Amino acid sequence: MKFNSENLLRSSKGLAVEELQIRLAGFRGTVWDGDFGPGTELQVITFQKEYMKAENPTGIVDQKVFEALEEFSKEFPIDFDKLKCPCGECEGFGKGQFKDQYREGKPKVEAYHNFEYPGIHKAILHSYRAAQCYAKASEFGSSFLSSGYRCHVNNKNKGRKSTNHMGKALDCDFPLTSNEDKRDDGIRCDKFRGLLVEKSNFQIGWHGRNKKSLEPSNIAPTWVHMDVRSFSKQYLQEKYFVTTEQELDSNDL
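Letter by letter, the sequence shown follows residues 1245 to 1497 of the working numbering.
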């Protein structure tokens, strides 16, 4: 079955809807449960308005929308080489270690899950694409990936304990101009976080369940960190993690 083989609309269900929900994760966003309800319809309408510039968005995914999704992925490519772990020991995306094991002395919640997921979550990658789209259309300009996967070896080398970057997160930033300094960078990153909360339905911090998260500025002062740590286990299944752009954009279901 192909993702783009039939129109999708309110009441549609199945794997094609799940894939749609993930691809539009940065256009408002909802859970990827395969049920085309009002949240998914809002995603489609937002994509039609924001990217396709449709005057009368329908909320229906027809061939024009499928074609626009293809154009969108080509306009905002993902360089997976920049996402690979720099440790030099794993192949770039961990070794699949420590599934269902948690940091000693901590609650058994995702924040302390030691699992090296097998790639980067598709929803955060597509959300980054939407973030690039919004940045391009505003004062921010082009962003760049500054950090992706970081396995346990990298954590040990750098003295870190957080497991967010074991497939659930990425960091981005904006290049400084010749007359800018770190203070300017921090101000810009704060403004960009505000835009992502408004446009992409991110939350600052991790208090809400099943919502995309941004680190607050006291943790990420001069970069933007985004992750899917707050999602339930059903939305963090291994099938949602990829290691290549071909996997990310495949229409095979």
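Positions of the beta carbon are idealized from the N, C-alpha and C atoms, including for glycine.
Quick caveat: nothing in here was measured; it's all calculated off a predicted structure.
Consult DSSP for Asp1277 and reduce its assignment to one of helix, strand or coil.
-> Within the sequence shown, residue 1277 is the residue found at index 33, counting from 1. Annotated three-state conformation of Asp1277 is coil, per DSSP.
Where Thr1421 falls, given that 16 or more other Cβ within 10 Å makes a residue buried = What you label residue 1421 is simply residue 177 of the sequence shown in a count that begins at 1. By the neighbour-count definition (other C-beta atoms within 10 Å, threshold 16), Thr1421 is an exposed residue.
In chain order, which continuous runs of the beta strand (DSSP E) of length 3 or greater are located wholly inside the segment 1317 to 1372?
-> Listed in chain order, there is nothing to give.
Going by beta carbon distance, what residues of the same chain come within less than 8 Å of Glu1497, once the five residues before and after it are set aside?
-> Counting from one through the sequence shown, the residue named residue 1497 turns up at place 253. The sequence as given places Leu at residue 1497; Glu does not occur at that position. If you ignore the 5 residues before and after Leu1497, its C-beta comes within less than 8 Å of the C-beta of Met1245, Lys1246, Phe1247, Leu1259, Ala1260, Glu1263, all in its own chain and listed in chain order.
Cβ-based burial, Thr1290 [other Cβ within 10 Å; buried from 16] = The residue labelled residue 1290 in the question sits at position 46 within the sequence shown. Buried, because 16 or more other Cβ atoms sit within 10 Å of the Cβ of Thr1290.
Looking only at C-alpha atoms, which of Arg1427, Phe1271, Leu1268 sits nearest to Trp1467?
-> Position 223 of the sequence shown, counted from the first residue, corresponds to residue 1467. Ranking Arg1427, Phe1271, Leu1268 by Cα distance to Trp1467 puts Arg1427 first.
Alpha helix (DSSP H) containing Asp1201: first to last residue?
-> An answer regarding residue 1201 cannot be provided, because it is not within the stretch 1245 to 1497 covered by the chain.
Is Met1470 near Lys1456, with beta carbons less than 9 Å apart?
-> Walking along the sequence shown from the start, residue 1470 turns up at place 226. Walking along the sequence shown from the start, residue 1456 turns up at place 212. The criterion of a C-beta distance shorter than 9 Å is satisfied by Met1470 and Lys1456.
So, using beta-carbon positions, are Ala1298 and Ser1371 closer together than 9 Å?
-> For the purposes of this step, residue 1298 is identified with residue 54 of the sequence shown, where counting begins at 1. For the purposes of this step, residue 1371 is identified with residue 127 of the sequence shown, where counting begins at 1. Taking 9 Å as the Cβ cut-off, Ala1298 and Ser1371 do not qualify as a contacting pair.
If Lys1343 sits next to Phe1359, beta carbons under 8 Å apart, how far is it from one beta carbon to the other, in whole angstroms?
-> Translated into the one-based positions of the sequence shown, residue 1343 becomes position 99. Translated into the one-based positions of the sequence shown, residue 1359 becomes position 115. With a Cβ gap of about 5 Å, Lys1343 and Phe1359 count as contacting.
Between the Cα of Lys1443 and those of Arg1267, Ala1379, Lys1400, spot the shortest distance and give me the residue it belongs to.
-> Walking along the sequence shown from the start, residue 1443 turns up at place 199. Taking only the C-alpha atoms, the option nearest Lys1443 is Ala1379.
Beta-carbon contacts of Asn1255 that lie in its chain and below 7 Å, excluding the five residues immediately before and after | Position 11 of the sequence shown, counted from the first residue, corresponds to residue 1255. Reading off the sequence shown, one finds Ser at residue 1255, where the question assumed Asn. The residues are Phe1280.
Which residue from Asn1398, Val1472, Ile1463, Leu1369 puts its Cα closest to that of Leu1389?
-> Translated into positions along the sequence shown, residue 1389 becomes position 145. When only C-alpha atoms are compared, the closest one is Leu1369.
Is it right to say Arg1237 is buried, meaning 16 or more other beta carbons lie within 10 angstroms of its own, or is it exposed?
-> For the chain, the structure presents residues 1245 to 1497; residue 1237 sits outside this window and is missing.
Which of the three DSSP states, helix, strand or coil, is assigned to Ala1413?
-> Counting from one through the sequence shown, the residue named residue 1413 turns up at place 169. It is a strand residue.
To which residues of the same chain is Leu1253 closer than 6 Å at the C-beta, ignoring the five residues directly before and after it?
-> Locating residue 1253 in the sequence shown gives position 9, where the first residue counts as 1. Cβ within range, chain order: Ile1304.
Have a look at the DSSP bridge pairing and note the partners of His1469.
-> On the sequence shown, residue 1469 is found 225 positions in, with the first residue counted as 1. BP columns for His1469 point to Asp1415.
Proximity winner among Arg1437, Val1486, Leu1480, relative to Ala1355 (alpha-carbon distances) | In the sequence shown, the residue the question calls residue 1355 occupies position 111. Of the listed residues, the one whose Cα sits closest to Ala1355 is Leu1480.
Tell me which same chain residues have a C-beta within less than 7 Å of the C-beta of Val1486, skipping the five on either side of it?
-> For this step, residue 1486 is matched to residue 242 along the sequence shown. Answer for Val1486: Gly1363, Ile1364, Lys1366, Leu1492, listed in chain order.
CB Gln1287 to CB Thr1302, shorter than 9 Å?
-> Indexing the sequence shown from 1 puts residue 1287 at position 43. Indexing the sequence shown from 1 puts residue 1302 at position 58. Against a cut-off of 9 Å, the Cβ pair of Thr1302 and Gln1287 comes out as no contact.
Among the residues of its own chain, which have a CB less than 7 Å from the CB of Thr1478, if the five just before and after it don't count?
-> Position 234 of the sequence shown holds residue 1478. The residue asked about is misnamed: residue 1478 is Gln in this sequence, not Thr. Here Gln1478 has no same chain residue with a Cβ atom under 7 Å from its own Cβ, once five neighbours each way along the sequence are excluded.
Taking the Cβ atom as the reference point for each residue, do Tyr1361 and Gly1411 lie within a distance shorter than 9 Å?
-> Position 117 of the sequence shown holds residue 1361. Position 167 of the sequence shown holds residue 1411. Contact flag set, yes.
Residue ranges of each alpha helix (DSSP H) within the segment 1250 to 1294, 4 or longer | Listed in chain order, they are 1259 to 1267, 1282 to 1294.
Check each candidate in Arg1404, Val1441, Ser1317, Gln1307 and name the one with the smallest Cα separation from Arg1267.
-> The residue you call residue 1267 lines up with position 23 of the sequence shown. Closest by alpha carbon: Ser1317.
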